[in-house]
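What follows is one structure encoded as structure tokens, with my remarks underneath.
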Amino acid sequence: MQKIVFLVIAILMAQASFAQEKTDVVPDSTNNNPGWLWEISGNGLAQKSYLFGTCHGEGHNFTKEEVFSFPGFQEAFDQSKMVLFEMDLNPEHVDTAALSKQTKWIADLFSNPDPKYMMPEGVYYKPLYDSIAHFNVVNKYLTNKMKDPEYWKKTPGYWFTRIGVTIFIATRRAQIVDGLLYQEVVKQGKENGGLEELEDVGGALQSLLTDTKGIDTLSMKEQADTLYRSIREMTNGTMRRMMQGFYEAYMSNDTCQMAKHLAEFPELSGAEATSHDKELLHDRNAAWMATIKKNLPEKTCMIAVGCRHLMGASSLIAMLRREGYTVEPVKKK
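As structure tokens, this is what we get:
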């Protein structure tokens with residue numbers, strides 16, 4: 660059950676991580692390369708709290724040694740009485756109805772797709788390609804990698820959603836930072852909770868992954884060509900380099916390096932991704948503020964959320980500052 664919950668979170672958060680706001684990296688002019696740990700004070704607080712940017716895996720198995728090596732993190736974690744994650748990670752608190760709804764949607768995507776995804780009668784993949792080599796790449800990937808010899812019954816638009824879900828399911832089998840921190844929270848008996856409900860995450864996930872408006876406006880031939888180019892990017896090492904670079908940028912504890920890395924892959928994090936920025940970043944950050952503001956006066960908290968929620972003019976840092984809090988990066992040694 661817990662693995663399924665992490666899966667739903669991680670697919671969505673990975674998409675959000677790759678989206679790039681067309682704004683400054685962080686709303687901070689006093690630090691050229693702030694990291695992922697920030698201190699929250701002021702605005703009448705009797706004690707300070709912390710904001711920490713996590714990484715939702717990208718296929719890497721994070722260790723406690725890696726995460727707790729960030730400057731000041733061990734001390735901040737020890738001082739924190741409560742850790743708030745994006746959602747409650749306690750498997751005993753899972754909304755089973757919401758979870759069933761989302762797992763059913765994923766199962767239906769694989770075995771009983773929406774009729775809109777079915778190829779028009781008489782239209783086949785091979786004639787859509789001017790190059791037999793391009794067709795062979797798509798045919799091999801969908802037949803062997805996706806294990807569907809009847810892939811041709813579904814439109815290229817369907818395969819963008821299906822491939823995206825499949826890739827992120829595979830990469831999320833790794834130990835993500837959020838899961839590792841939750842394990843430490845349980846070991847130490849700290850209070851913990853979530854900033855949003857599974858149903859909210861699931862709804863945003865489904866909206867994101869089923870949004871094929873961009874590809875649906877293309878002709879079937881253009882869709883097929885776009886699918887070929889996407890598969891080529893995934894199989895020529897681009898995706899692997901992006902994942903590795905994302906991990907390295909995160910471990911550098913340097914927000915600017917993360918932004919530069921994301922900018923190197925406009926084909927994977929460009930206009931299509933930014934169209935979801937408001938829903939995945941700004942709107943969710945704004946919705947989280949009520950819970951954050953409620954808990955800050957009561958005890959030392961650590962708010963542990965995906966690192967992209969700390970970047971840009973819509974970041975939690977900017978929102979907390981607008982509410983009158985002092986939010987400053989923990990100085991690196």
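Count along the sequence shown from 1, add 659, and you get the number used in our numbering. Quick reminder that beta carbons are idealized off the backbone N, C-alpha and C, glycines included. Being a predicted model, the structure only gives us computed values, none of them experimental.
Judged by DSSP secondary structure, Asn798 falls within the alpha helix (DSSP H) whose first and last residues are 791-799.
Straight-line spacing of the CA atoms in Phe727 and Gln733 works out to 6 angstroms. Residue state for Thr713 is assigned as strand, using DSSP reduced to three classes.
Scanning its chain for C-beta atoms nearer than 8 angstroms, with the 5 sequence neighbours on each side dropped, one finds around Val796 the residues Tyr887, Ile890, Arg891, Thr894, in chain order. For secondary structure counted as the alpha helix (DSSP H) over 4 or more consecutive residues, the segment 720-757 holds these complete runs in sequence order: 723-726, 732-738.
Boundaries of the alpha helix (DSSP H) around Ala918: 914-922.
With respect to the C-alpha of Phe711, the residue from Met901, Leu748, Glu850, Val964 having the closest C-alpha is Val964.
DSSP places Trp695 outside both helix and strand once states are collapsed to three, so it counts as coil. Only residues of its own chain outside the window of five on either side were considered, and among them Gly816 have a CB closer than 6 angstroms to the CB of Asp875, listed in chain order. A Cβ-Cβ separation of about 11 angstroms leaves Ser700 out of contact with Thr959 under the 8 angstroms criterion. Under the 8 angstroms Cβ criterion, the segment 740-752 does not count as touching the segment 767-780, having fewer than three qualifying pairs.
Rounded to whole angstroms, Ile976 and Lys953 show a C-alpha spacing of 16 angstroms.
Following the DSSP letters along the chain, one finds Thr885 inside the alpha helix (DSSP H) bounded by residues 879-894. Between the C-alpha atoms of Pro750 and Phe794 there is a straight-line separation of about 44 angstroms. Partner residues in the beta bridge of Ser708, as assigned by DSSP, are Ile699.
Per the Cβ contact rule, the segment 796-807 is not in contact with the segment 838-852 (fewer than 3 Cβ pairs under 8 angstroms). A residue is called buried when at least 16 other Cβ atoms come within 10 angstroms of its Cβ; Glu745 meets this threshold and is buried.
Counting only residues of its own chain and dropping the five nearest sequence neighbours on each side, Gly853 has a CB closer than 6 angstroms to the CB of Phe744, Met746, Asp747. If you draw a straight line from the Cα of Met901 to the Cα of Arg967, it comes to about 16 angstroms. Cβ-Cβ distances below 8 angstroms link Ile765 to Val824 in the same chain, with the five nearest sequence neighbours on each side left out; the list follows chain order. Taking Glu855 as the centre and dropping the five residues before and after it, the same chain places the C-beta of Met746 closer than 6 angstroms to its C-beta, in chain order. When only Cα atoms are considered, Ala829 and Asn944 end up about 27 angstroms apart. For Ala833, there is no enclosing beta strand (DSSP E), since its DSSP letter is neither H nor E.
With contacts defined by Cβ atoms closer than 9 angstroms, Trp811 and Tyr788 do not form a contacting pair. The three-state reading of DSSP puts Pro786 in helix, counting H, G and I together.
In this structure, the beta-carbon distance from Trp695 to Phe721 does not fall below 9 angstroms. Thr914 is a Cβ neighbour of Leu969, given a cutoff of 9 angstroms. In the three-state scheme derived from DSSP, where H, G and I count as helix and E and B as strand, Val986 is classed as strand. Excluding five sequence positions before and after Lys919, the CB atoms of its chain that fall closer than 8 angstroms to its own CB belong to Ala908, given in chain order. DSSP links Ile962 through a beta bridge to Leu710, Leu743. Measuring C-alpha to C-alpha distances from Ser974 to each of Lys849, Asp942, Ile791, Glu809 identifies Asp942 as the nearest. Glu698 sits away from Glu982, with the two beta carbons spaced by 9 angstroms or more. Arg899 is classed as exposed because its beta carbon has fewer than 16 other beta carbons within 10 Å across all chains shown. Within the same chain, Leu839, Glu843 come within 8 angstroms of Lys723 by CB-CB distance, once the 5 residues on both sides are set aside.
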